[in-house]
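Below is one structure; the comments refer to it alone.
Numbering (our numbering), first residue to last: 1 to 220.
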């Protein structure tokens with residue numbers, strides 16, 4: 001079976017999909033490339049991407065691609081766009097998108113919980129490295145070319161479309177939801193803040209607009 005490429009945009013509900021994949025594919029047929037030494041990163045991907053300092057990025061991507069082909073990997077997932085891989089097939093790729101204000105807030109909440117930032121929300125969102133996260137992760141992939149596009153507001157519909165398109169049996173799971181305490185004590189998204197976040201992340205706004213349009217077009 002040709003591999004499926006999950007372009008996992010950060011804080012768009014992708015953890016639920018990734019864990020669903022672990023229920024339907026053998027561990028040996030899954031390759032995940034996330035952070036250095038992360039539990040979610042497969043050993044081979046961790047060695048190649050994070051512990052091979054003499055290997056240029058092109059060599060790392062080629063090694064991942066060769067491994068996917070040689071080992072008949074069924075499911076590849078990463079916050080790095082699979083479109084960078086030589087073996088990438090857009091028809092076998094899919095991604096889940098989230099409206100910009102909600103994605104930014106979720107990203108901040110996660111970074112705060114992981115103690116990766118001590119900034120206030122108003123400071124965090126202004127930093128260049130925290131802007132346009134979805135479009136940077138999607139990379140050179142094309143919204144109109146990937147096999148399936150989903151939006152988080154209809155996650156169940158996205159999973160159903162995945163299963164119909166690829167003949168899979170992904171269950172509908174819900175993981176990493178924001179806690180009630182965080183909702184009560186964390187930053188709020190009033191209309192003024194929503195507008196400001198969209199102004200700070202124009203590339204993500206445009207990407208989400210295109211993804212939502214594709215989703216609605218495919219729904220007809």
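The beta carbon of each residue, even a glycine, is placed where N, CA and C say it ideally should be.
May I ask which residues mark the beginning and end of the alpha helix (DSSP H) holding residue i?
{"i": "residue 205", "result": "202-219"}
{"i": "residue 20", "result": "14-24"}
{"i": "residue 170", "result": "Careful: residue 170 lies outside any alpha helix (DSSP H) and carries neither H nor E."}
Identify every residue that forms a DSSP beta bridge with residue i.
{"i": "residue 150", "result": "96"}
{"i": "residue 70", "result": "Beta-bridge pairing links residue 70 to no other residue."}
{"i": "residue 32", "result": "77"}
Take residue i as the anchor and find which of the options has the nearest alpha-carbon.
{"i": "residue 14", "options": "32, 118, 200 and 203", "result": "32"}
{"i": "residue 58", "options": "87, 42, 40 and 39", "result": "87"}
{"i": "residue 68", "options": "53, 50 and 42", "result": "42"}
{"i": "residue 136", "options": "79, 74 and 215", "result": "79"}
{"i": "residue 99", "options": "217, 161, 134 and 219", "result": "134"}
{"i": "residue 174", "options": "187, 40, 152 and 211", "result": "152"}
{"i": "residue 204", "options": "187, 157, 143 and 23", "result": "143"}
{"i": "residue 123", "options": "196, 11 and 29", "result": "196"}
{"i": "residue 28", "options": "16, 44 and 120", "result": "44"}
{"i": "residue 211", "options": "118, 96 and 114", "result": "96"}
Tell me which residue opens and which closes the beta strand (DSSP E) that residue i is part of.
{"i": "residue 75", "result": "75-78"}
{"i": "residue 133", "result": "Note, residue 133: premise wrong, no beta strand (DSSP E); alpha helix (DSSP H) at 133-138."}
Shorter than 7 Å from the beta carbon of residue i to some beta carbon of chain C?
{"i": "residue 135", "result": "No chain C is present in this structure, which holds just one protein chain."}
With a threshold of 7 Å on Cβ separation, who are the neighbours of residue i within its own chain once the five nearest residues in sequence on each side are excluded?
{"i": "residue 189", "result": "101 and 105"}
{"i": "residue 93", "result": "5, 7, 82, 141, 146 and 147"}
{"i": "residue 162", "result": "94, 148, 168 and 170"}
Starting from the C-beta of residue i, find all residues in its chain whose C-beta is less than 8 Å away, skip the five residues before and the five after it, and write them out in chain order.
{"i": "residue 181", "result": "Any reading at residue 181 needs caution, since the residue's pLDDT is 45, under 50, leaving its predicted position unreliable; the model's value is listed next. Cβ within range, chain order: n/a, list empty."}
{"i": "residue 37", "result": "46 and 50"}
{"i": "residue 1", "result": "72 and 74"}
Within the same chain, show all residues whose beta-carbon is closer than 6 Å to that of residue i, passing over the 5 residues directly before and after it, in chain order.
{"i": "residue 35", "result": "none"}
Return the chain-ordered ranges of every alpha helix (DSSP H) run that is complete within the segment 82-126 and spans a minimum of 4 residues.
-> 100-113 and 121-124
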